[in-house]
Every structure is written in structure tokens, then in C-alpha cells.
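Residue numbers for the sequence shown follow the numbering used here, beginning at 984 and rising by one. Where a beta carbon is used, it is the ideal one built from N, C-alpha and C, also for glycine. Small disclaimer: the values here were computed from a predicted structure and weren't measured. Heads up, the thing below is written out as C-alpha cells.
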Amino acid sequence: MRYLIAFAFPLILWGLPTELLGLEGMTITQHRMLAIFALAVLCWVLEPIPIFSTSVLLIFLELLLVSSESLIWLRDSTAPEQLGVLLPYQALLQTFASPIIMLFLGGFFLAIAATKYRLDRNLARVLLRPFGEDPRFVMLGMMLITAVFSMFMSNTATTALMLAILTPVLKLFHPDDPGRDGFVLSIPLAANIGGVGTPIGTPPNAVAMKYLTGENAISFSEWMAFGIPFALLLLVAAWGLLIVFCRPRERQMNLVIEGTFQKSWRAWVVYLVFGATILLWLTGSFHGLNSYIVAMLPVSVFLTTRILTKEDLKLLSWDVLWLISGGIALGYGLEQTGLSKTIIAQVPFSEFPALVIIIAASLVALLMSTFISNTATANLILPLMAALAASEPALQALGGERMLVLVVTFSCSFAMALPVSTPPNAMAFATGLLPSQALLKIGALVSVLGLGCAYLLGWTLRQVGFY
């Protein structure tokens, strides 16, 4: 049934006469793009095929139906004014090598090298020392380290690492101690929250960067300047909730993480490149290299020195890269064909206060991300939000595209109430140690707190003149 709904409805939509759709001024290419958009929504929600497969299918369909090299009878048999804009096929294929993809590729190389040479585990061992033996502060330490790692590594990989480190900790708790639930839950919450701290922390951030260009562009260091304090604020709030609802009964615990920093020349190269890459990301205004170019440093160094081999390349999250590529292509199609503006024009947004639009958009993003991939949600909703922010004077007065795109992007990352909401949630739930009621209650509260913090961030950035 999922297959039937996901593929039959877009075909029916495509087959309808354009004038019956009720969208004034719609061209034929916009009509075809609308059918592709409907397919994306249904496939990402119902998942009849893997979500990364949907992304590849979207790019192929755009090439086939709305590109400058599409099927000849689809582009040469109609008057140009009725046909509308055809997309350059090169631009669609280039989404596989978009600067955003290169940025994430560099992040993946750093993460794989850190894991291979145990930099992540050794950093966790060193960073946890200052938090002592009080379970409450050990939990805070675990959350801070998880959040920091997730800013530069995959949230999923970070969760896997930290859950492995957490295993001996859990043995110190009685099965009925609520502190055990709190520790298990702290890891996915911290991973989800930490991901908002940098442009490479989570895929929705990368999708947002696609729409933050030109005068709205945000550098890596600028993002971190507001992203890290924002993540820390929400992290401390989440820790407070865990202490209230899952207060450990144990008064003291001895956490031991075995291991030492490797001393081989390859390990030293990993340490130096890891530090240099982060430093270059933070000082772009000084040396002039943008974050996309800097991301190629670990890729080139680790491959030329054979620190990472062809076997290591198999560990790359190619599905995530393809998922982002499909989202970029979808957004490009919606924007360049003019469909996003046509859709926005049908809704009288000018009749609503700007704050109502912002709150409604963020709630829609949060609810969608609760049930489907947050990356898929960002791919679907951000093109429309960027077009809306550019066309509504009331939103322009509050910060325009920067403000709306950032608030909605962060809202996509705050869906934490269900095991299916994010991969970190699913991994923590799969341990069998996390009651679904605890996840639902605390995850929902953190989601609401996240929305509140997002609104506060939007207002604060406006006050300091960021937009």
C-alpha cells in the first residue's frame, strides 16, 4: 500500500491538466516539479524505499522531466511561455559535488580518522576527569563531551561511541535506579543538541547553508559564535530536566575509561590535521579560505599519507551525502522553476502577523521531524521558507531569510520525543534500558525547550544586529 500511495498519487497529479490545479500562473515545468515534490514528500514520509534512494530518484526525475536535456518531446512540443524554465542539467548533476557535500565529506574524514586512531575515546577519557565522582556531574560531563563530539562527528557515530563508554557506568546502578534511565537518555539528547553547534554538526544545518548565501551567507565561525552558546544553554536545561525526573540515587561512582594516546607518526598527523582544520574553520576572515575549501584539508592529507585507505572509505556515510544531494536538487528545482514562489503566492501570508508565521513554521518543522528524518524535513520545508522570507516584508523586518531559515532549521533538530525521531534516539532505545515513557516525557519537554530557545536566539541575533 505504501508503494501504491507514494508513486500513484504523484502520477495522478502529473496527469491532471495544469489549469485544474488552481495555482494561478503555473507553468508546465512547475506542474512537473510539483509532482516530483509530492513524490519526495510521500517517499520521505512513508519510506517505501530508503530515504537516500528517494534523493537519487529525485535528481534523476528532474533530469528526465524538467532539465535542459530532458526527454525531447517534453521540451520541444510546447510554447516557451507555457513550458516555463528548464533547469541546466549540469547544475542538477553538480549537486553530487556541491560545496555543502564537500563540507560534510571533510567532517566524515575527520570522524573516521579520530575513531581509527582512538582520538575520540582518549579525548573523552581526558575531558571527563574534571567532573569528579558525583553522578550528577558525571552525567553533565558525558553530555558536554557528547555535544562537543557531535558538533564535528555524525550524531549517530557519537552516540554509538558514548553508549559504549557508558556501558560500564550503567553497571554501577541498581536496575530500579532512575539515574540509569537518565544516563542512557542523556546521550541521544546531547548528541541531538550538540549537532546544532556547527554547520557540519547535523545534515539540516548543511541544507540551511544552501539557502544562506550572498548577503545572507553565514561563515563557519559565525555559525559557531551563536550555535555553541545556544547548544550549551539548551544542554544545561536538558541536564536540569534529567536531574529532576531521573535523579541518581547513587552518591558516588568511579568511572574508568582505559586507553592512551597513540604515538605513531600517523596518529600525530591525525591530531595535527584535526586541530588545524578546526582552527582554519574558526579563522576564515583572517586567512581568506572558506569552510568548504578547508574541509578538503583532511580529505587530501589523510588519503595522500594513507592514514585512511580504500577500506576506510567504505565507512563513509554515503547515504547521508546522497540524501543531502537530493535535497539540494529538490530545492534548486523548486526555486529555479519558480514553483516555490507560486505556492507561497497562493497563501495570504500578508494577513498573518510575522510572529505567527515563524511559530507556525517552526511547529510544522518540529512535528514533521518527529515522524520522519529531520534531513528530509529540512529538504522539504526550507526551500519554501527561504522563498517566503524573501517575499514577505513583515518577515524581512524581523531578519528575513537568515532569521526564518535558522529558526526552522533548529526546529528540525529538536524532534526528540520518539525512538524514530532521530538515529541517536533509536540507538539509545535499542539498548533495552530506556523506557519509552521516559523518552516521550523528557524528549517532548526538551523539544519544547528547544523551540523556546530558538525563538530566544532569533530575537537575540536581531538585537545584536546579526540581521
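If you reduce the DSSP assignment to three classes, tell me which class residue i lands in.
{"i": "SER1202", "result": "coil"}
{"i": "SER1247", "result": "coil"}
{"i": "GLN1235", "result": "coil"}
{"i": "PRO1113", "result": "helix"}
{"i": "GLY1267", "result": "helix"}
{"i": "HIS1014", "result": "helix"}
{"i": "ASN1408", "result": "helix"}
{"i": "VAL1447", "result": "coil"}
{"i": "VAL1396", "result": "One detail in the question is off: residue 1396 reads as Ser in this sequence, not Val. SER1396 falls in the coil class under three-state DSSP."}
{"i": "ILE1183", "result": "coil"}
{"i": "LEU1417", "result": "coil"}
{"i": "PHE1091", "result": "helix"}
For residue i and residue j, what's the separation of their Cα atoms in angstroms?
{"i": "PHE1332", "j": "ILE1342", "result": "13 angstroms"}
{"i": "PRO1031", "j": "ALA1023", "result": "11 angstroms"}
{"i": "VAL1447", "j": "ASP1059", "result": "52 angstroms"}
{"i": "ASN1408", "j": "LEU1401", "result": "7 angstroms"}
{"i": "LEU1048", "j": "ALA1130", "result": "43 angstroms"}
{"i": "ILE1311", "j": "ILE1095", "result": "25 angstroms"}
{"i": "LEU1146", "j": "GLY998", "result": "50 angstroms"}
{"i": "GLY1271", "j": "SER1036", "result": "37 angstroms"}
{"i": "PRO1000", "j": "LEU1365", "result": "28 angstroms"}
{"i": "LEU1363", "j": "CYS1229", "result": "36 angstroms"}
{"i": "ASN1138", "j": "ARG1232", "result": "29 angstroms"}
{"i": "ILE1276", "j": "TYR1450", "result": "26 angstroms"}
{"i": "PRO1118", "j": "THR1405", "result": "26 angstroms"}
{"i": "HIS1157", "j": "LEU1423", "result": "23 angstroms"}
{"i": "GLY1197", "j": "GLY1210", "result": "20 angstroms"}
{"i": "LEU1069", "j": "ILE1083", "result": "24 angstroms"}
{"i": "ALA1140", "j": "MET1410", "result": "10 angstroms"}
{"i": "LEU1041", "j": "PHE1135", "result": "28 angstroms"}
Can you pull the DSSP bridge partners for residue i?
{"i": "SER1050", "result": "LEU1070"}
Rounded to the nearest angstrom, how far is the Cβ of residue i from that of residue j, given a contact under 8 angstroms?
{"i": "ALA1221", "j": "VAL1429", "result": "5 angstroms"}
{"i": "SER1165", "j": "ALA1214", "result": "In the sequence as displayed, the identity of residue 1165 is Gly instead of Ser. Not quite, the Cβ-Cβ distance comes to about 19 angstroms (not below 8 angstroms), so this is no contact."}
{"i": "ALA1344", "j": "LEU1280", "result": "About 36 angstroms separates the two Cβ atoms, so there is no contact after all."}
{"i": "VAL1284", "j": "VAL1330", "result": "Not confirmed; about 49 angstroms, so no contact."}
{"i": "ALA1372", "j": "LEU1378", "result": "5 angstroms"}
{"i": "TYR1100", "j": "ARG985", "result": "Wrong, their Cβ atoms sit about 43 angstroms apart, outside the cutoff."}
{"i": "ILE1011", "j": "GLN1077", "result": "No, ILE1011 and GLN1077 are not in contact; Cβ-Cβ is about 24 angstroms, not under 8 angstroms."}
Does the stretch 1157 to 1173 come close enough to the stretch 1290 to 1300 that 3 or more CB-CB pairs lie under 8 angstroms? No, the stretch 1290 to 1300 is not in contact with the stretch 1157 to 1173.
If you pair each beta-carbon of the stretch 1149 to 1156 with each one of the stretch 1333 to 1352, do three or more pairs fall below 8 angstroms? Too few Cβ pairs lie closer than 8 angstroms, so no.
Sufficient close CB pairs (3 or more, under 8 angstroms) joining the stretch 1434 to 1447 to the stretch 1191 to 1206: Counting Cβ pairs under 8 angstroms, fewer than three are found: no touch.
Quick check: the stretch 1086 to 1103 against the stretch 1249 to 1264, are at least 3 beta-carbon pairs closer than 8 angstroms? They touch, by the three-pair rule.
How do the stretch 1112 to 1123 and the stretch 1309 to 1324 stand: do at least 3 beta-carbon pairs fall below 8 angstroms, yes or no? As far as the Cβ criterion goes, the stretch 1112 to 1123 does not touch the stretch 1309 to 1324, which means the pair count is below three.
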